[in-house]
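Numbering (full-length UniProt numbering), first residue to last: 1 to 129. Note that CB positions come from ideal geometry on N, CA and C, so glycine has one too. Reading through the structure tokens given below for one structure.
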């Protein structure tokens, strides 16, 4: 086990998921881009060196996972990789790494731009029309 290998204090434990499913909830036959919690909120639980205990409502997407995990390992995010590290929200400022460009995603016709899906925080809602 990790404790027997004496790696407990140097190992990150990460439990996460995708956006769940949406099979006609709210009588809307569509995908995962609605403003309901089961479409928007991605659970992520982390434990490891430097990560502060508590809750956090970071605005991010699953493309931010890889840059975050690379930053935890001290590896620079390749310039060709989408997403941004969420490390500054997880560890004290003195361990913060330089963040890559804002999250980008593919949109229709293979164009690239800022995230086009709707998002919501406790204070703000961005509607896509």
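Using DSSP bridges, identify the partner residues of residue 14.
On the chain shown, position 14 is the one that residue 14 refers to. The partner list for residue 14 (beta bridge, DSSP) reads 46.
Tell me the rounded alpha-carbon separation between residue 53 and residue 76.
Counted from its first residue, the chain shown places residue 53 at position 53. Counted from its first residue, the chain shown places residue 76 at position 76. Computed Cα separation, rounded: 25 Å.
Return the CA-CA distance between residue 5 and residue 13, expressed in angstroms with no decimal places.
Against the chain shown, residue 5 aligns to sequence position 5. Against the chain shown, residue 13 aligns to sequence position 13. So the two alpha carbons sit approximately 15 Å from each other.
Give the DSSP-derived three-state secondary structure of residue 88 in the structure shown.
As a first step, residue 88 is located in the chain shown; it is residue number 88 there, counting from the start. Three-state DSSP puts residue 88 in a helix.
State the DSSP-derived secondary structure class of residue 70, mapped to helix, strand or coil.
By 1-based counting over the chain shown, the position of residue 70 is 70. Correct three-state label for residue 70: helix.
Can you tell me the Cβ-Cβ gap for residue 83 and residue 67, rounded? I've got them flagged as a contact below 8 Å.
Your numbering for residue 83 matches position 83 in the chain shown. Your numbering for residue 67 matches position 67 in the chain shown. Going by Cβ atoms, the distance from residue 83 to residue 67 rounds to 5 Å, so yes, they are a contact pair.
Does the beta-carbon distance from residue 86 to residue 48 come in below 7 Å?
Sequence index remark: in the chain shown, residue 86 carries index 86 (1-based). Sequence index remark: in the chain shown, residue 48 carries index 48 (1-based). In this structure, residue 48 does not lie closer than 7 Å to residue 86 by Cβ.
Between the C-alpha atoms of residue 65 and residue 1, what's the straight-line distance to the nearest angstrom?
Position 65 of the chain shown holds residue 65. Position 1 of the chain shown holds residue 1. About 25 Å.
Tell me whether the beta-carbon of residue 133 lies closer than 7 Å to the beta-carbon of residue 58.
Only positions 1 to 129 of the chain appear in this structure, which leaves residue 133 out of reach.
Nearest to residue 90 by CA position, among 41, 71, 9, 80, is which residue?
As a working mapping, residue 90 is identified with position 90 in the chain shown. When each option's Cα is compared against that of residue 90, the closest is 71.
Can you give me the C-alpha to C-alpha distance between residue 42 and residue 81, rounded to a whole angstrom?
Position 42 of the chain shown holds residue 42. Position 81 of the chain shown holds residue 81. Computed Cα separation, rounded: 20 Å.
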